[in-house]
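So the protein lines, in turn, are chains D and E. FYI, the numbering for the first sequence is 1 to 416, going by the working numbering. FYI, the numbering for the second sequence is 1001 to 1416, going by the working numbering. All C-beta atoms, glycine included, are put in the ideal place defined by N, C-alpha and C. Reading through the structure tokens given below for one structure.
Number of protein chains: 2
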Amino acid sequence: MALNQNRTIAELKELRALTGDENGAQRVAFTPTWRTARAWLLDKLAELPVETHVDAAGNLWSTLTGDSPQALIIGGHMDSVPNGGWLDGCLNVMAGLEILRRLTDEYKNGRPPVTVRLVDWADEEGARFGKSLFGSSACSGKLDMDEARTLRDRDGITLPDALREIGIDFEKVKDSGIELENAAASLELHIEQGPVLLDLDLALGAVLGTFGVERHAITFHGQAAHSGSTPMNRRRDAFLAAGKMSQEIYRIAERSHGGVCTIGSCTTKPGIVTSVVEECRITLDQRHLDAAGLAQMLQETRAASETFAAEGNVRVSWERLWQIEPRPFHPELIDLCAQSIQEITGTAHRLPSGPLHDSAEVSGAGIPTVMMFTQSLHGISHNKIEDTLEDHLHQAITAFDRLATKTIHWILQQPA
Amino acid sequence: MALNQNRTIAELKELRALTGDENGAQRVAFTPTWRTARAWLLDKLAELPVETHVDAAGNLWSTLTGDSPQALIIGGHMDSVPNGGWLDGCLNVMAGLEILRRLTDEYKNGRPPVTVRLVDWADEEGARFGKSLFGSSACSGKLDMDEARTLRDRDGITLPDALREIGIDFEKVKDSGIELENAAASLELHIEQGPVLLDLDLALGAVLGTFGVERHAITFHGQAAHSGSTPMNRRRDAFLAAGKMSQEIYRIAERSHGGVCTIGSCTTKPGIVTSVVEECRITLDQRHLDAAGLAQMLQETRAASETFAAEGNVRVSWERLWQIEPRPFHPELIDLCAQSIQEITGTAHRLPSGPLHDSAEVSGAGIPTVMMFTQSLHGISHNKIEDTLEDHLHQAITAFDRLATKTIHWILQQPA
């Protein structure tokens, strides 16, 4: 079968009808609806000469064996957040399926020059246990077992118990790492989860890597005091210092050339209308594609918080909530991705990914990796209004297929 | 009996032992402990030739009839907040009692030139129903009956029901206004509930009036967006605009010459580390002794909020929570108060009151009024650590007694 972009778009709609409702996609990992989505996918795969199995972490692998054991991986995820978008994750799986069909058709002996493997990573979203990239991080070996072992869902069920129910032994999930043994390159097509391509009026972009992330809680400690009787120059106002941070992070992001900074929450104590704020806690999320840039942003933010604390005669304390290093993608694969986009759309824009993706884990395991983004019509994901123009989907599948071809040739050119 | 400042200080300690615990004063209005305090006070009053009764709003009046029916009122309150300070409110009642003793001793016929009345206002603090100045606002006629009728405590009991239990008919509380019929002047001694006198190292101050207050909730409405994928220049960040307000209110207060502005609370939605803030609500409390100054501060704050909203491409909405106009005290009584302080301490400082007091209600009813403040050792009230040096208490009682004498003479000089 030749590449048929319209078939893929039709299948994505079929999946939406099968596993979504009026609130959006409901393919939350390990739920009955997610299993429905996988069974539907397996039906499609059954028409192809591929070997299919689930690995030790619950990831579904479909292998089209080639002349070389060296493998091209095409990875996506069928799972969604609750009330999610119709394209997030499954666009890649379905485009990958279409590429398997095209390769089967092109190589009449059924064997492309290298092995090509489609993987549906398990629980990319982490919607149930609050821990994303489960399947890919188990496979890459980066999963923090001690942390994951204690994760619980809202009903108090632990991740190991939930996995046991679907036949997975938590203590053995890293055995899935064997799947990467012959991996030579990895590709992922994804809807952009932001408005960058929309703003530029571009259908597609080549992804430079995923941002490193620093997440911290910053608490300013002042002194409660009566709002009527305390002169302004006597106050130790925790909110004054925190408020200054709101603007400073924009200046820090601007100086960082490409980083983003967000204060996502603010809480005040005692938090009453008649008292100066004694304690103000804000959360900080900083992201940058460059590790030095990320470290610089963090250092500047710390320094600013100390300056503002000193100015207001308050104290500041920091607590790290989470961090991950930047995961830059492979420069040669980024070039191939940009070439593919250029050939189809005439313009090749390169952009970093703010959100994390399974590709960050694959790249972190040392596999040359790249992602391609397609425009998000409203710049919004994890929401039922997530959408991409059908023209853009058509171009995306075409360009991604070209990227697969170029990457196969690239693999063949690598020294053994 | 001659004025005996040490007796008053001893009685204040006696009251503390009787109605306080390790957490502070517990004389919450209408509770058994408050009734204990009143009964203790009545025992002391019984030794004097005064007529005592409770008015229609629960205020306790003790009248030393003078040659003229024109009356000098000395007002305070025995009630405290839970875990309150030992001096807040009752310092004045006990100093007033001592003045009654001194007058009884001085005028051997038992009749001073004008009538002198000590009042213990009911529920000044409003700790149970969240509505301060209950007794004095009923007496002044300013109590909002429709609002007060619906007030409930934490157990859901309404204010009218609670009053009925202690024999007060809510619908008749304004009948207490008759008590002010012959009132010619009103005095109140109070611990300062802030650090102004402490900072100036002064024992006493003459109070210019109580601040007018404007209380508002200001909500900025932006757009939630992913912290990793949303470029800084695409954000509609409600916290950015709110944060700018934190500094602006300090500039507005400075320009106002004497006003104070407080942002006491900040809440954010969705309030998660990975999202730009969609909605940020802050509360604003502004106070000024001058009505025009207060209006100017409010107008400037509104304008600033609209500027910051426009800068950040967010929307702002305002909701008035409460307001009260400034209540300047009587200029001639302020002068008499300052003279009394000057005579005893050598320095007469004049200052406004940020917090409200019963005197604001009495002044609002058209009675010439003034207050005297005594230094607060830590600048803090409504707390068990509230304190005043005994030397300062001694000076306060002496100066306040002088002010009573001067005010009696002032009343006699007024045209009939």
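Sequence-distant residues of the same chain with beta carbon closer than 7 Å to residue i, five excluded per side
{"i": "A1017 (chain E)", "result": "none"}
{"i": "E278 (chain D)", "result": "G222, Q223, A224, A238, K269 and P270"}
{"i": "G1141 (chain E)", "result": "K1174, G1177 and A1365"}
{"i": "F308 (chain D)", "result": "A241, K244 and M245"}
{"i": "L1015 (chain E)", "result": "A1037, W1040 and C1090"}
{"i": "E319 (chain D)", "result": "H216 and A217"}
{"i": "E125 (chain D)", "result": "A29, D79, S80, V81 and S132"}
{"i": "A427 (chain D)", "result": "Residue 427 (chain D) is absent from the model: chain D starts at 1 and stops at 416."}
{"i": "D387 (chain D)", "result": "L377 and H378"}
Rounded C-alpha distance that separates residue i from residue j
{"i": "L1412 (chain E)", "j": "G222 (chain D)", "result": "51 Å"}
{"i": "H409 (chain D)", "j": "V114 (chain D)", "result": "9 Å"}
{"i": "I1178 (chain E)", "j": "D1358 (chain E)", "result": "17 Å"}
{"i": "F211 (chain D)", "j": "S1229 (chain E)", "result": "10 Å"}
{"i": "L393 (chain D)", "j": "S227 (chain D)", "result": "58 Å"}
{"i": "A208 (chain D)", "j": "A224 (chain D)", "result": "What sits at residue 208 (chain D) in the sequence shown is Leu, not Ala. Distance between the alpha carbons of L208 (chain D) and A224 (chain D): 48 Å."}
{"i": "F170 (chain D)", "j": "A360 (chain D)", "result": "22 Å"}
{"i": "L1289 (chain E)", "j": "P1195 (chain E)", "result": "18 Å"}
{"i": "A29 (chain D)", "j": "V213 (chain D)", "result": "24 Å"}
{"i": "I1252 (chain E)", "j": "G366 (chain D)", "result": "57 Å"}
{"i": "R1101 (chain E)", "j": "V1173 (chain E)", "result": "30 Å"}
{"i": "G1156 (chain E)", "j": "E1147 (chain E)", "result": "15 Å"}
{"i": "S275 (chain D)", "j": "R234 (chain D)", "result": "13 Å"}
{"i": "Q1286 (chain E)", "j": "W322 (chain D)", "result": "39 Å"}
{"i": "Q1005 (chain E)", "j": "L1163 (chain E)", "result": "35 Å"}
{"i": "P328 (chain D)", "j": "A1127 (chain E)", "result": "60 Å"}
{"i": "L159 (chain D)", "j": "T150 (chain D)", "result": "7 Å"}
{"i": "W1086 (chain E)", "j": "S1353 (chain E)", "result": "19 Å"}
{"i": "H1053 (chain E)", "j": "G1167 (chain E)", "result": "13 Å"}
{"i": "P1355 (chain E)", "j": "P1032 (chain E)", "result": "27 Å"}
{"i": "P1049 (chain E)", "j": "K1406 (chain E)", "result": "22 Å"}
{"i": "D1123 (chain E)", "j": "F129 (chain D)", "result": "52 Å"}
{"i": "R1236 (chain E)", "j": "R1281 (chain E)", "result": "15 Å"}
{"i": "T8 (chain D)", "j": "D88 (chain D)", "result": "14 Å"}
Buried/exposed call for residue i, threshold 16 Cβ in 10 Å
{"i": "L200 (chain D)", "result": "exposed"}
{"i": "L389 (chain D)", "result": "exposed"}
{"i": "E165 (chain D)", "result": "exposed"}
{"i": "S132 (chain D)", "result": "buried"}
{"i": "Q1026 (chain E)", "result": "buried"}
{"i": "D1043 (chain E)", "result": "exposed"}
{"i": "M1145 (chain E)", "result": "exposed"}
{"i": "R1154 (chain E)", "result": "exposed"}
{"i": "A1002 (chain E)", "result": "exposed"}
{"i": "A348 (chain D)", "result": "buried"}
{"i": "H257 (chain D)", "result": "exposed"}
{"i": "N109 (chain D)", "result": "exposed"}
{"i": "Q417 (chain D)", "result": "The question about residue 417 (chain D) has no answer, for chain D in this structure spans 1 to 416."}
Residues of its chain near residue i, where Cβ-Cβ distance is below 6 Å and the 5 sequence neighbours each way are ignored
{"i": "L143 (chain D)", "result": "S137"}
{"i": "Y1107 (chain E)", "result": "none"}
{"i": "T1283 (chain E)", "result": "A1217, G1264 and S1265"}
{"i": "A1203 (chain E)", "result": "T1345, Q1375, H1392 and Q1395"}
{"i": "G1024 (chain E)", "result": "N1083, G1084 and K1384"}
{"i": "P112 (chain D)", "result": "G66 and L103"}
{"i": "I1074 (chain E)", "result": "G1096, L1118 and L1187"}
{"i": "V1273 (chain E)", "result": "none"}
Own chain residues within Cβ distance below 8 Å of residue i, not counting five before or after
{"i": "R1038 (chain E)", "result": "L1060, M1078 and D1120"}
{"i": "M372 (chain D)", "result": "L187, E188, L189, H190, L204, G205, A206, V207, C337, S340, I341, A396, A399, F400 and L403"}
{"i": "R350 (chain D)", "result": "G205, A206, V207, L208, I334 and A338"}
Chain A contact for residue i (CB, 8 Å cutoff)
{"i": "V276 (chain D)", "result": "Chain labels in this structure do not include chain A; the protein chains are D and E."}
Proximity test, residue i beta-carbon vs the ligand SAM heavy atom, cut-off 7 Å
{"i": "T31 (chain D)", "result": "Absence of the ligand SAM is noted for the structure shown, with no ligands found whatsoever."}
message: Going residue by residue through the region 111 to 167 of chain D, where are the continuous alpha helix (DSSP H) segments of at least 4 residues, counting only ones entirely within it?
response: 134 to 140, 145 to 149 and 159 to 165
message: For a minimum of 3 consecutive residues, which ranges assigned as the beta strand (DSSP E) are wholly contained in the region 313 to 370 of chain D?
response: 315 to 324 and 349 to 353
- prompt: Is it a yes or a no for the region 262 to 282 of chain D touching the region 290 to 304 of chain D, going by three-plus beta-carbon pairs under 8 Å?
  reply: The region 262 to 282 of chain D and the region 290 to 304 of chain D do not touch, with fewer than 3 CB-CB distances between them shorter than 8 Å.
- prompt: Does the count of Cβ pairs from the region 1309 to 1323 of chain E and the region 299 to 309 of chain D closer than 8 Å reach three?
  reply: Because the criterion of three Cβ pairs below 8 Å is not met, the region 1309 to 1323 of chain E and the region 299 to 309 of chain D do not touch.
message: Report the start-end ranges of each beta strand (DSSP E) in the region 206 to 230 of chain D that is 3 residues or longer and not cut off at the edges.
response: 212 to 221
query: Hey, which unbroken runs of the alpha helix (DSSP H) at 4 residues or more fall wholly within the region 1001 to 1082 of chain E?
result: Here the runs fully enclosed are 1005 to 1019 and 1032 to 1045.
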